[in-house]
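In the numbering used here, the protein residues as written are 2 to 133.
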């Protein structure tokens with residue numbers, strides 16, 4: 002179990018649940034890793050990762066690209082298989098969608114597909130969240 006504080010970027014945007022995440026080469030040795038920051042987005046159906054991060058860890062393309070609605074726009078999403086370290090949990094191979102940085106920015110967006118593996122409690126009044 003770990004508790005994280007929400008992160009404030011500006012006074013115009015409410016603080017958001019932001020946490021470290023590690024991408025890993027899926028099932029290959031030697032394993033390449035990439036450490037980044039992720040937004041826990043309960044409104045997102047799927048997990049979105051900037052394409053350059055997936056390329057750094059040699060993630061594997063898992064299908065054809067699709068259009069994914071992101072912030073009112075249609076981003077191009079390419080399914081990839083990648084390993085992820087999320088809090089103290091490790092998933093050796095999960096499907097995420099790789100998107101151009103121009104479409105989603107440089108933060109990973111963790112959607113409900115990944116969050117549903119865990120029990121996460123959001124406490125907006127105290128600006129913290131806990132992963133059990």
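Virtual Cβ for every residue (Gly too), placed ideally from N, Cα, C.
Which first and last residues belong to the beta strand (DSSP E) in which residue i is found?
i          : result
residue 96 : 90-100
residue 6  : 3-6
Less than 7 Å between C-beta atoms, sequence neighbours within five positions excluded: which residues of the same chain meet that for residue i?
i           : result
residue 53  : 102
residue 114 : 46, 47 and 48
Cutting at 8 Å between CB atoms, please list the residues of its own chain near residue i, excluding the five before and the five after it.
i           : result
residue 40  : 17, 18, 19, 108, 109, 110 and 111
residue 133 : 2, 119, 120, 121 and 122
residue 55  : 24, 81, 83, 97 and 99
residue 131 : 2, 3, 4, 5, 121, 122 and 124
Quick one: give me the first and last residue of the alpha helix (DSSP H) that residue i is part of.
i           : result
residue 108 : Premise fails: residue 108 is in no alpha helix (DSSP H) and is neither H nor E.
residue 53  : 52-57
residue 29  : No alpha helix (DSSP H) holds residue 29; DSSP gives it neither H nor E.
residue 113 : 113-116
Indicate whether residue i and residue j have their beta-carbon atoms separated by less than 7 Å.
i          : j          : result
residue 24 : residue 10 : no
residue 76 : residue 69 : yes
residue 33 : residue 87 : no
Strictly by DSSP, which residues pair up with residue i?
i           : result
residue 14  : According to DSSP, residue 14 bridges with nothing at all.
residue 122 : 131
residue 20  : 39
residue 78  : 67
Would you verify that the beta carbon of residue i is, or is not, closer than 7 Å to some beta carbon of chain D?
i          : result
residue 40 : The chain labelled as chain D is not found in the depicted structure, where only one protein chain is given.
Sorted by chain position, which residues of the same chain lie with C-beta nearer than 6 Å to residue i's C-beta, five sequence neighbours on each side aside?
i          : result
residue 79 : 66 and 99
So residue i packs on residue j, CB below 8 Å; how close in whole Å?
i         : j           : result
residue 6 : residue 129 : 5 Å
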